[in-house]
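Data block below; observations after.
Numbering (the UniProt record's numbering), first residue to last: 1 to 260.
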């Protein structure tokens, strides 16, 4: 089974502070992972390393078969789709949806290269496949928060990535927009050509059954990792949160957590 990610005793230090602490973790083809952690757990630092924006201070990191130090980072980035609400702040309000999606081909904010008509048609088809045909031709400024996230997912799929990172994609969404977005993520996971999915979240109810593995991160360390059904347990999550909790099954075979 091919390997998507391999962290081998990876640490990240900034000044005198160790942000990531001796992290070892592997992701293989056919697996979709969710990283669960509270603020300050080190989730963002992990994602920056995977995307090639940050290098480990020690240990070895392998992404999509290439070991850091022996791969081209710009080439690596073309194989990874990234969806984050932080990216929304970089987009221009007057940009049209079609061109925002197309910009994913060039990993740029805005389009500064020539492109073929078929590239633009590909961008439009990606959004149609995600159920967003009605958004085509609209300026970014008029979109709702949920619609903006859908556009970012379409943009991330523009290069047919091998790995799709969803960095807290439901941030700022109301209940109904969240469910709509999660439905689209579930649809992507069902595709025969789906990329490996990596979700980062604070909330267990956002972890769809399609995410069959979980990593629990606290204080820059892995507390637990393994199959979703083994970790979505009262005892495991109580230990992780360091407070007594109880789990409850909700719609779509998902699990919510409440204080006990």
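C-beta atoms are modelled at their ideal positions from N, C-alpha and C, and glycine is treated no differently.
All values derive from a computational prediction rather than experimental measurement.
Residue range 221–227 is occupied by the beta strand (DSSP E) that includes residue 227. If you check the CB distance, residue 227 and residue 245 do not come in under 8 Å.
In this chain, the beta strand (DSSP E) harbouring residue 35 covers 33–36. Burial is judged here by how many other beta carbons sit within 10 angstroms of a residue's own beta carbon; residue 12 has at least 16 and is buried.
Annotation: residue 16 is outside any beta strand (DSSP E) and is labelled neither H nor E by DSSP. The residue among 232, 208 and 162 with its C-alpha nearest the C-alpha of residue 192 is 162.
Using a 10 angstroms sphere on the CB of residue 10, the tally of other CB atoms reaches 16 or more, which defines it as buried. Between the segment 207–222 and the segment 47–62, the count of C-beta pairs closer than 8 Å stays below three; the two stretches do not touch. With fewer than 16 other Cβ atoms inside 10 Å of its own Cβ, residue 203 counts as exposed. Its chain contains 83, 149 and 181 as the residues whose beta carbon lies nearer than 7 Å to that of residue 169, once the 5 sequence neighbours on both sides are disregarded; these appear in chain order.
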